[in-house]
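In my numbering, the protein residues as written are 906 to 1193.
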């Protein structure tokens, strides 16, 4: 699709990860016209760049995020994807919304679906040798024999500690409080001789330089931060879309996925939410 023209649709999906793409597929099945706006150069979200096996996706044992998203994308109309772009302004109309994007596209829709996801959270400024968030690609520069500090105590922290230990690294898990990961992961970490676990470390202040990281009196080659996620703040950027901090569903604004702060985020939960939002949009569009 080209810039400099007006795009009309019933629904604009903002965010092209697994939630937004699943919603697009459902809306197509229901006969609704949709567009999808994705800030990255290609749709698929973080999963599209992950070679880590997804857990317990029925019918897809051992499939990686990259492989799974390739299948999802193959079932979506690529002509409706507006990638490398994001909203600049949003005007609330009597019956819908008018948006202008960073690339100058003008979009008019009757409803909005926010599927912007979440990004890895770190209380630290970007620094050399400080890696934030999960993913095998981020760990590519960590080689066998290195000393690595893993900050965090949840499933992501423990999973990546195991990955690094099995790679031949000496790993220290430093949790601010108690370890919170699943029982199985805790057992595996305790049984791994290359991993040392330190709980109740409190607030940690890594000192990073080009050669490594100093932390809690120790020197490491890298520190990896796994402090969870923070939602992309779309409603804070465009408060006219919210009522009391939540999407204004009565105006045709809906949300789904990790930006809703689910207690237990997962691919399947996000895809299930996409199906529910598709039904809500279908009802709204019939009434509007």
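Beta carbons: idealized from backbone N, C-alpha and C, even for Gly.
Status (buried if at least 16 other CB within 10 Å, exposed otherwise) for residue 906 = Translated into the one-based positions of the chain shown, residue 906 becomes position 1. Its pLDDT being 49, under 50, residue 906 is placed unreliably in this model, and the value from its coordinates should be taken loosely. Exposed, because fewer than 16 other Cβ atoms sit within 10 Å of the Cβ of residue 906.
Inter-residue CB distance, residue 1018 and residue 1161 (contact presumed, cutoff 8 Å) = Translated into positions along the chain shown, residue 1018 becomes position 113. Translated into positions along the chain shown, residue 1161 becomes position 256. That belief holds up - the Cβ atoms of residue 1018 and residue 1161 are roughly 7 Å apart, short of 8 Å.
Reduced DSSP category for residue 906 - H, G, I as helix; E, B as strand; rest coil = Position 1 of the chain shown, counted from the start, is the residue given in the question as residue 906. Unreliable positioning characterises residue 906 in this predicted model, as indicated by a pLDDT of 49, which lies under 50. A coordinate reading is not provided.
Span of the alpha helix (DSSP H) holding residue 1165?
-> In the chain shown, counting from the first residue as 1, residue 1165 sits at position 260. Careful: residue 1165 lies outside any alpha helix (DSSP H) and carries neither H nor E.
When burial is assigned at 16 or more other CB atoms within 10 Å of the CB, is residue 966 buried or exposed?
-> As a working note, residue 966 is residue 61 in the chain shown. Around the beta carbon of residue 966, a 10 Å sphere encloses fewer than 16 other beta carbons of the protein chains shown; the residue is thus reported as exposed.
What are the start and end residues of the beta strand (DSSP E) that includes residue 996?
-> In the chain shown, counting from the first residue as 1, residue 996 sits at position 91. DSSP places residue 996 inside the beta strand (DSSP E), whose first and last residues are 992-998.
Touching or not, the stretch 1130-1138 and the stretch 1045-1064, by the rule of three or more beta carbon pairs under 8 Å?
-> Verdict: yes, contact present.
State the DSSP-derived secondary structure class of residue 1084, mapped to helix, strand or coil.
-> Within the chain shown, numbered from 1, the residue matching residue 1084 stands at position 179. If DSSP states are grouped into helix, strand and coil, residue 1084 belongs with coil.
Near residue 921, what residues of its chain come up, given a Cβ to Cβ distance below 6 Å and the 5 sequence neighbours on each side ignored?
-> By 1-based counting over the chain shown, the position of residue 921 is 16. Here the set comprises 941, 943, 948.
Just the C-alpha distance for residue 1058 and residue 978, rounded to the nearest angstrom, thanks.
-> Within the chain shown, the letter at position 153 stands for residue 1058. Within the chain shown, the letter at position 73 stands for residue 978. Just so you know, the alpha carbons of residue 1058 and residue 978 end up roughly 33 Å apart.
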